[in-house]
Amino acid sequence: MITLPPDYRPSDDEDFMNPVQTEYFRLKLLKWRAELLKEADGTLASLSEGGIHEADITDRASVETDRALELRTRDRARKLIAKIGLALRRVENGVYGYCEETGEPIGLKRLEARPIATLSIEAQERHERMEKVHRDD
1 MITLPPDYRP SDDEDFMNPV QTEYFRLKLL KWRAELLKEA DGTLASLSEG
51 GIHEADITDR ASVETDRALE LRTRDRARKL IAKIGLALRR VENGVYGYCE
101 ETGEPIGLKR LEARPIATLS IEAQERHERM EKVHRDD
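Quick note on numbering: UniProt numbering labels position 97 of the sequence shown as 97, and the sequence is numbered without any gaps.
Here it is as structure tokens:
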């Protein structure tokens, strides 16, 4: 078990994905997942409070629109939680932080911005270019 200093931030001066960096990202992923699950619980509680009781049809439509938006947001969060789970598995398997295509380090700045990243910036750009080429056909 590794204890991180309270102000720790990964640095390029360290070995990439050393145990301290790995623990930093593991904790970051766990915290993110916990926040998403807490938000989902709040949504579930508000949706289970009962039906729409607005008498005015405009108010009712507004409430229904808000609920639909909240459900779409929760669906995105559900998918994100699954991706966080996959990232945590990569941490456990010792492959977190390395590009799935090239095996090269993804980069600390990219992982800070998107801890669930599985591709380096270069590999992601290639992937997006290929998607665009196939989409235009």
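For each residue, glycine too, the CB sits at the ideal point set by N, CA and C. Bear in mind that the values here come from a model prediction, so they are computed numbers and not experimental data.
Within 10 Å of its beta-carbon, does residue i have 16 or more other beta-carbons around it, so buried, or fewer, so exposed?
i    : result
M130 : exposed
L111 : buried
A117 : buried
My understanding is that residue i touches residue j, with C-beta atoms under 8 Å, so please give their C-beta distance in whole angstroms.
i    : j   : result
L119 : E92 : Not confirmed; about 20 Å, so no contact.
A82  : L36 : Not quite, the Cβ-Cβ distance comes to about 11 Å (not below 8 Å), so this is no contact.
Can the beta-carbon of residue i be found closer than 9 Å to that of residue j?
i   : j    : result
M17 : G97  : yes
D12 : L108 : yes
R74 : E128 : no
Kindly indicate which residue of the options has the alpha-carbon position closest to the one of residue i.
i    : options                 : result
D15  : A34, P105, R114 and E64 : P105
T22  : A55, R9 and H134        : R9
R126 : C99, P5 and T58         : C99
L71  : G42, V95, A117 and K132 : G42
K31  : S62, P5 and P115        : P115
E122 : G103, V133 and H134     : G103
G94  : A113, Q124 and V20      : V20
Using 8 Å as the cut-off, can you tell me whether the segment 85 to 95 makes contact with the segment 15 to 29, which would need three or more C-beta pairs spanning the two stretches below that distance? yes
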